[in-house]
Every structure is written in C-alpha cells, then in structure tokens.
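The block underneath contains the structure these notes are about, expressed in structure tokens.
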Amino acid sequence: MNATRAALLGAIRGPIMLITLGALFLWDQSGGKSFGRTFPLLLIVYGVLKLLEHLTAGTRGGA
Amino acid sequence: MKPQSVIGPLLLIGLGAVLLANTLRPELPWLELCASYWPALLILWGALRLLELLVWNWKKRPLPTHGLSGGEWAVVILICLVGSGLHAATRYRPWDRFSVLIGKRADWFGHTHEFPLPEQRRPSPQAPHIVIENLRGAVRVAGGGAAQISVSGVKRIRALEAAAAAAANEQSPLEIATNDDVIVVRTNLDRLPANHRAACDLELTIPRAAALEVRGREGDLEVRGLEGTVQLSSDSAEVRLEDIGGRVTVRLRRSSLIRAVNLRNSLEILGGRGRDLHIENVAGAVRVEGEYFGEQRFAGLAGTLSVDSARASLRVEQVPGHLELDLGKLEGANLGGPVRFRSVRACDVELEAFSHGAEIRLDRGDVRLRPAITPLGALQVRTDAGDIELALPENAAFQLRARTARGSAENLFGPAIKHEPEGTRGALLQGGSGGGPLLAMETSRGRIVVLKDTGQPLSSSKVNRRPDKEPRQEEIGLPVQRH
Chain A
219 MNATRAALLG
229 AIRGPIMLIT
239 LGALFLWDQS
249 GGKSFGRTFP
259 LLLIVYGVLK
269 LLEHLTAGTR
279 GGA
Chain B
129 MKPQSVIGPL
139 LLIGLGAVLL
149 ANTLRPELPW
159 LELCASYWPA
169 LLILWGALRL
179 LELLVWNWKK
189 RPLPTHGLSG
199 GEWAVVILIC
209 LVGSGLHAAT
219 RYRPWDRFSV
229 LIGKRADWFG
239 HTHEFPLPEQ
249 RRPSPQAPHI
259 VIENLRGAVR
269 VAGGGAAQIS
279 VSGVKRIRAL
289 EAAAAAAANE
299 QSPLEIATND
309 DVIVVRTNLD
319 RLPANHRAAC
329 DLELTIPRAA
339 ALEVRGREGD
349 LEVRGLEGTV
359 QLSSDSAEVR
369 LEDIGGRVTV
379 RLRRSSLIRA
389 VNLRNSLEIL
399 GGRGRDLHIE
409 NVAGAVRVEG
419 EYFGEQRFAG
429 LAGTLSVDSA
439 RASLRVEQVP
449 GHLELDLGKL
459 EGANLGGPVR
469 FRSVRACDVE
479 LEAFSHGAEI
489 RLDRGDVRLR
499 PAITPLGALQ
509 VRTDAGDIEL
519 ALPENAAFQL
529 RARTARGSAE
539 NLFGPAIKHE
549 PEGTRGALLQ
559 GGSGGGPLLA
569 METSRGRIVV
579 LKDTGQPLSS
589 SKVNRRPDKE
599 PRQEEIGLPV
609 QRH
C-alpha cells in the first residue's frame, strides 16, 4: 500500500511542479510578484513532495 | 501494457481550436491574449496530467516513475521562453528598455562634473555651411540676423575624481574652425578614453541663411529659424525642427520623437526606428522611411507625403487636413488624394473628405470611407478580413461594385444600387448614377455597407450594425436588402 502511495507521489510530482510553474508565471503577468522573486517556491514545492515521498517510503521500511 | 496519456492529443486539439478561432474571429487580439494567458496552458496541462494519474491510480493501472517525461519538460521550457518573450514584446517594448539600459551603462560609477563653455563668437559669411560634430549631448541651433556664429554651452563629464574630469575637459576643447564658407564646430569628445562618459550641450546662433549639418550619436537636436538646408544625423535623438526654409534631411537610428513644424521646403526622415512623429505645415514633399511604433501625425502638408515601413506604405498627394497613423489605425480628414495605403498588418482605415479617390489594400482590418468631395475619385479597396463602409454624397456620380465573398451587404444609399447574392455566402452591391468613377470594394470576409453621407461622423454609422439598430433603415424609407 505504501509502495503504491510512494509511486503515486513520485508520479504526481511533475504535474504539481508544472501547475506551480504556470501559477507563478500567471501571477507575474497579471501584475503580481515577478517570477524572478517567486521562483524559490518551486524549490519549496519540490522539496515538500520529495519529503512526503521519502516519509511514505520510510514508513513502509519501518512497518 | 503501460497506459497511454491523453494529454498530448488534448493539447493538440486545444492548439487547433485556438488557431481556428484566430481565423474565424480575426478581430480579437489573439496575440495579446496568448501573451497574457499562456501560463494557463501550463496549469491546464499539469491539472489534466494530475487528474489522469489519479484516475490510473484509482483503476490500479501501473503508474509512470515520473509524471512528466524529459521531452515534456523540454516542451514546457520552450513554452516558457516563447511565452515570456511574447509577453515582453507586447507589453514592455523591449527596444525601449534596451536603449535605456545602454544609455545608462556608464552612469553607474563616479560623479558628473560640469564645465561651462563660455560663449565664443566668430565672424561668418552671410550664408556659410556650418558643420557641428558633437558625439553626445543636446544641440540647439537658432538662426540670427548677424553675420556671425556664437557658441556656448556646458560640458558634463562623468568621472570618479574631479582631477580626472578636469583633465578630460582639457583633452576635449571646443573648436571652431573656419575654412572659407565652411565653419566646423567640434566638441572633440571622441578624444576621450572610453571610461569617461562626456556630453556637451551646445547652444548656437548662426546666420539665418546658413546651411547646417549636425552629426552626433546621442543627444537631442533642435533647429529653428534657418533658411538654408539642414542635415541631421544621429544614432539616438529627439528632434525638433521649426521655421526652416531649406530642405531638411534627418537620418536617425533611434528616436522617441521627431517634431517638425513650419517647414517651407521638403523633409526627409530616413532609416530609423522610433516612436512618435509630428509633422505640421510643410510646403514641400515629406518622406518617411523607417519603423515608428507610436503615433505618426501629419497635418497641413502641401506636398506629397510618403511613408514606408516594413508593415505599411502610405502615399498621399496632399494633406491640407490631418492624418494619423499608428500600429493599428490610419485616420484622416481633408486630404488631397489619391490616397494609397497598403498594410501587411492588421490595420483599420477611416478617411473623410478626400479627393481623387483611394487605393487601399489591407490583409486585415475595417475600412470606413466618406469621400464627401464631389466629383468623386476612383476607389479600389480590398481587405482580406474586415468590414467596409462607404458613405457617399447624395448627388454623387459613380459606378459601384462592392463584393463580399463571405458576409452580408447592405444598401442604405437608395435604389441606384442593387443588391445581388454572390455565391452561397457572399453578396454584391452594384449600380450607380450618372456615370462617374468606379468605386470597387471587396472583402473576403466581412460586411459591406453603402449609405448616404448625412454629415454625421463615421463612428455614428458603425459598420458593425446589429439587428437592434434596424430602425435606422426604416427612418430613411428604403427597401432593405440583406443577404
């Protein structure tokens, strides 16, 4: 079950990064913060997803 | 078997739909919409892919290791680059920003030191040829009555230390060299090393009959009150010309404004890129070659006007009234035709009170014409996508042939014009009264309206008349024929 969750998290990482990227560019172009200032959010989102994946895989190992 | 993603086909369908919409509704600003909302494509793509993966997971299908492949990320990067470039090009005029950046590059360090240039006077012939060589800085020249030339101004040198600035000032003395009828004014800024950014603002008074030549790279140029020829060349300058009797030639690479008023001879503006052009009261021919992205306004031109750029060419025999041209519109009134206009970009045309007819060829754009001057001249109007409206004087003699390949045609002029169907989706208006010139109008896709000129502004008789405006046709008591 955990292996499936880890695989799912790994698979949806790309689309979520893509959505974040699109949202940041859209925010930039609609007069909000420029992408040059908000791009670290991409790293944060990527980090959070990797962490979740790692935690899910880790739970499986501990079980 | 590994399940196949549906995102690729869906994106292809979406791209096809956008291109189709562009051809069906060309009047909408698709380029600007794409430039503004392209990130939504990434969001949509990500959301669809996410949804797809969740469905696969729910159906217990095997999931890919990565949600997006390397090739897909390459496409994403390409979309980001193209979208950002498009956005920058449509909103921020990158060429302006670039020029600002170049202009300020040397102002990052040091201080500006100013050195006044005390007035120098030299006797001069009544009609000398005066050459001003000033690499950077503004030059203002005025014609005076005396047979002498006077030069004054200020030199600004940017340097880290005052001593270095003073040395640079001595290295670049202002010179006035006289050789028979030729007087050369040099600021010698080219002698300075590249790390000294210097500019000279000069004010000159020269004999009114003098011929003038100004050469520079950067700095505004202003000339007024001269009878001789004027030649200006610069890489970047705002130019103001007023009250000049001789031929004027302006060669620029960049300019945010060229303004010329009260010229009694011809004017040539050659080979530049810029923003605004304001030309008023010129007795001779006016020729403009170059790309101007702002407003080009012409008024009171007694000679031929010709404007040539990569996107449009315009020729008018006389402009006693006014004519404005910008990226999306040509608008004018009281013109001495024939008016010849060709645009390869989307452009609307609205002309009133012009004589000797017009030749208008547009790839895309609406045309509204009100010749209003009898006798009429021949008209040749063609647009590939756009509406055409023609308001004719009631007593005009003309032969009309107006055809739309796809769209409707309305005759609000009267029984002199007949309505006929054209093919399965088009319409034809033809007829005329009392001989007269041929008014030939054609649109591949759009509506054609021919009506009587009631003296009202064209904007009150919109081509895009909707059915709710129909009472107007009843008001004038005409049988309305509509395809």
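Protein chains in written order, with this note's numbering: chain A, 219 to 281; chain B, 129 to 611. Don't be surprised by glycine CBs; every beta carbon is placed ideally from N, CA and C. Since the model is a prediction, treat every value here as computed from it, not as a measurement.
With respect to the C-alpha of residue 238 of chain A, the residue from B:134, B:167 and B:137 having the closest C-alpha is B:167. Contact between residue 418 of chain B and residue 398 of chain B holds, since their C-beta atoms are separated by about 7 angstroms, short of 8 angstroms. In terms of Cβ geometry, residue 364 of chain B and residue 381 of chain B form a close pair [threshold 8 angstroms]. When only Cα atoms are considered, residue 142 of chain B and residue 469 of chain B end up about 36 angstroms apart. For the C-beta of residue 317 of chain B, not a single chain A residue is nearer than 7 angstroms; the gap to the nearest is close to 37 angstroms. Identification of chain B residues near residue 257 of chain A by a Cβ-Cβ cut-off of 7 angstroms yields none; the smallest Cβ-Cβ distance measures about 11 angstroms. For the pair residue 164 of chain B and residue 146 of chain B, the Cα-to-Cα distance works out to about 14 angstroms. Within its own chain, the residues whose Cβ lies closer than 8 angstroms to the Cβ of residue 345 of chain B, once the five positions on either side in sequence are excluded, are 263, 264, 362, 363 and 364, listed in chain order.
Close CB contacts of residue 572 of chain B within its chain, under the 6 angstroms cut and outside five residues either way in sequence, are with 512 and 533 (chain order). Residues of chain A whose Cβ lies closer than 8 angstroms to the Cβ of residue 204 of chain B are, in chain order, 236 and 239. The DSSP assignment places 424-429, 433-436 and 440-453 as complete runs of the beta strand (DSSP E) inside the stretch 421-454 of chain B, in order along the chain (cut-off: 3 residues).
The residue among B:270, B:524, B:552 and B:553 with its C-alpha nearest the C-alpha of residue 544 of chain B is B:524. Residue contact with chain A for residue 173 of chain B: present (Cβ-Cβ distance below 8 angstroms to some residue of chain A).
Residue burial is scored here from C-beta neighbours: residue 286 of chain B has at least 16 other C-beta atoms within 10 angstroms and is therefore classed as buried. Residue range 239-251 is occupied by the beta strand (DSSP E) that includes residue 247 of chain B.
Just so you know, the alpha carbons of residue 320 of chain B and residue 240 of chain B end up roughly 15 angstroms apart. Going by DSSP, residue 299 of chain B is part of the alpha helix (DSSP H) stretching over 290-299.
Residue 543 of chain B: not part of any alpha helix (DSSP H); DSSP gives it neither H nor E.
A straight-line Cα-Cα distance of about 8 angstroms links residue 254 of chain B and residue 274 of chain B. Contact annotation: in the stretch 170-195 of chain B, residues whose CB is within less than 7 angstroms of a CB in chain A are 170, 171, 173, 174, 175, 177, 178, 181, 185, 191, 192, 193, 194 and 195. Classified as buried, residue 494 of chain B has 16 or more neighbouring CB atoms from the shown chains inside 10 Å of its CB. With a cutoff of 8 angstroms on beta-carbon distance, residue 519 of chain B and residue 581 of chain B are scored as near each other. Around the CB of residue 297 of chain B, 16 or more other CB atoms lie within 10 Å, so the residue is classed as buried. Just so you know, the alpha carbons of residue 190 of chain B and residue 181 of chain B end up roughly 10 angstroms apart. Collapsing the DSSP output to three states places residue 212 of chain B in a helix.
Residue-level contact check: residue 167 of chain B touches chain A, since one or more beta carbons of chain A fall below 8 angstroms from its beta carbon. In this structure, the straight-line span from the alpha carbon of residue 441 of chain B to that of residue 370 of chain B is close to 26 angstroms. Within chain B, no C-beta atom comes nearer than 9 angstroms to that of residue 224 of chain A; the closest sits roughly 10 angstroms away.
At a cut-off of 8 angstroms between beta-carbon atoms, residue 244 of chain A makes contact with chain B. Taking 8 angstroms as the threshold, the shortest C-beta distance from residue 262 of chain A to chain B does not fall below it. Between residue 162 of chain B and chain A, the shortest Cβ-Cβ separation is not below 8 angstroms.
Residue state for residue 180 of chain B is assigned as helix, using DSSP reduced to three classes. Contact check for residue 385 of chain B against residue 408 of chain B fails: the beta carbons are separated by 8 angstroms or more.
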